[in-house]
Amino acid sequence: MKTSRSHLFLSILIIMMGMLFSCENSKKDLETIKFDDSFPNEITRDVTIFYSDSAKVQVMLKAPLIERYYREEDSYAEFNKGVYVEFYDDSGKVESTIESEYAKHYNERGEMLARNDVVVVNKKGEKLNTEHLEWNQNTHQIRSNSFVKITTKDEIIYGNGLEANEDFTRYKVKDIKGIIEVDQNEMKKDEDVQ
1 MKTSRSHLFL SILIIMMGML FSCENSKKDL ETIKFDDSFP NEITRDVTIF
51 YSDSAKVQVM LKAPLIERYY REEDSYAEFN KGVYVEFYDD SGKVESTIES
101 EYAKHYNERG EMLARNDVVV VNKKGEKLNT EHLEWNQNTH QIRSNSFVKI
151 TTKDEIIYGN GLEANEDFTR YKVKDIKGII EVDQNEMKKD EDVQ
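This is the structure we're talking about:
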């Protein structure tokens with residue numbers, strides 16, 4: 001019995017040593033291993049990121065999920081569960097906000113694509129609704145080639161396509177489909193009834 005245990009232990013030890021010494025990967029072999037590009041390199045949850053310049057916060061971004069993909073050709077971050085972004089002026093006050101159900105940010109290009117229920121609000125309370133929006137951090141411009149609705153205190157503008165500055169204080173609707181004037185007194189009466 002003692003001999004059989006010794007043989008069993010010795011057999012296991014020989015097998016383990018054989019496995020240990022037979023596993024070898026050269027550096028060249030490791031360099032040829034390809035990783036699946038469809039999986040993110042980094043996943044973060046419940047994130048708040050501040051971007052600053054000269055110790056002044058310029059942008060604040062919040063997202064429940066960020067998936068980062070580091071690629072040679074063009075790295076990007078994907079916001080599959082939505083994103084909320086605030087832009088600040090030099091005094092630290094919010095100039096505008098962007099919110100969407102999905103976004104993709106290309107870091108090297110300085111571009112962000114937002115889609116699915118995109119809402120932009122500026123400091124005057126003017127609101128843009130669209131399904132697709134592109135923001136270029138280098139030119140500080142936002143644009144859309146999709147249907148847009150802009151709600152101001154005096155009117156609602158419908159159109160196809162838009163170009164604007166990133167704080168949404170200046171904008172141009174490309175193909176206006178309609179303008180509805182809003183009577184603030186009527187709006188107030190409707191709010192009082194509800």
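Numbering (UniProt numbering), first residue to last: 1 to 194.
Even for Gly, the Cβ is constructed at its ideal location relative to N, Cα and C.
Whether residue i touches residue j by CB criterion (8 Å)
i    : j    : result
I150 : E126 : yes
E163 : K172 : yes
N107 : V119 : no
Y76  : Y69  : yes
D46  : R71  : no
Closest by C-alpha distance to residue i, when choosing among the options
i    : options                  : result
S144 : Y76, N41, P64 and A114   : A114
E67  : E73, Y158 and E78        : E78
G110 : K123, D74, H132 and N116 : D74
Q141 : R170, K124 and N116      : R170
Q137 : H105, R71 and I12        : H105
K93  : F39, K124, Y158 and D46  : K124
Y158 : F168, W135, K177 and D46 : K177
N160 : V148, F168 and K153      : V148
D154 : N80, I12 and D183        : D183
S146 : F39, E42 and K174        : K174
Spatial neighbours of residue i in its chain, beta-carbon cut-off 6 Å, leaving aside the 5 residues before and after
i    : result
F50  : V57 and M60
T97  : E86 and V121
I156 : I180
W135 : M112 and I142
F168 : S96, V120 and N122
T44  : I66
Proximal residues to residue i (C-beta, below 8 Å), its chain only, five neighbours per side dropped
i    : result
G82  : A63, P64, E99, S100, E101, Y102 and A103
N116 : S100, E101, Y102 and E131
T48  : M60, L61 and K62
I12  : none
Residues of its chain near residue i, where Cβ-Cβ distance is below 7 Å and the 5 sequence neighbours each way are ignored
i   : result
S52 : Q58
N80 : L65, E67 and Y102
(request) Pair every Cβ in the stretch 54 to 61 with every Cβ in the stretch 84 to 94, then say whether three or more of these pairs are closer than 8 Å. (result) At 8 Å Cβ cutoff, the stretches touch.
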